[in-house]
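Novice: Residue numbers (the working numbering): -7 to 46.
1. Ends of the alpha helix (DSSP H) at residue 6?
2. Return the chain-ordered list of same chain residues with a C-beta closer than 6 Å to the C-beta of residue 27, the five sequence neighbours on each side being excluded.
3. For the alpha helix (DSSP H) containing residue 27, list its first residue and its last residue.
4. Which residues in the same chain have their Cβ closer than 7 Å to the Cβ of residue 30, if we skip the five residues on either side of it in sequence?
5. How would you label residue 8, buried or exposed, when you count the other beta carbons within 10 angstroms and need 16 or more for buried?
Structure follows, in structure tokens:
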């Protein structure tokens, strides 16, 4: 498994969060191996897009 963080996207944290929610909904609450990798990627993207405290 790669630990390389991909460049931040132009999507907002809210947009990425919506995709995370959709992934969980589609999976019925149990992620397959492929879905876990997608989830990990989305969480990293969400963290990069989330506003940082001052």
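Beta carbons are placed, not taken as given, at the ideal position from N, Cα and C, and that holds for glycine.
Specialist: Looking at the coordinates:
1. Following the DSSP letters along the chain, one finds residue 6 inside the alpha helix (DSSP H) bounded by residues 5 to 19.
2. Around residue 27: 19.
3. Residue 27 -> alpha helix (DSSP H) spans 25 to 41.
4. If we look at residue 30 and ignore the five residues flanking it on each side, its Cβ neighbours are 15.
5. Here residue 8 is buried: its Cβ has 16 or more other Cβ atoms, across all protein chains shown, within 10 Å.
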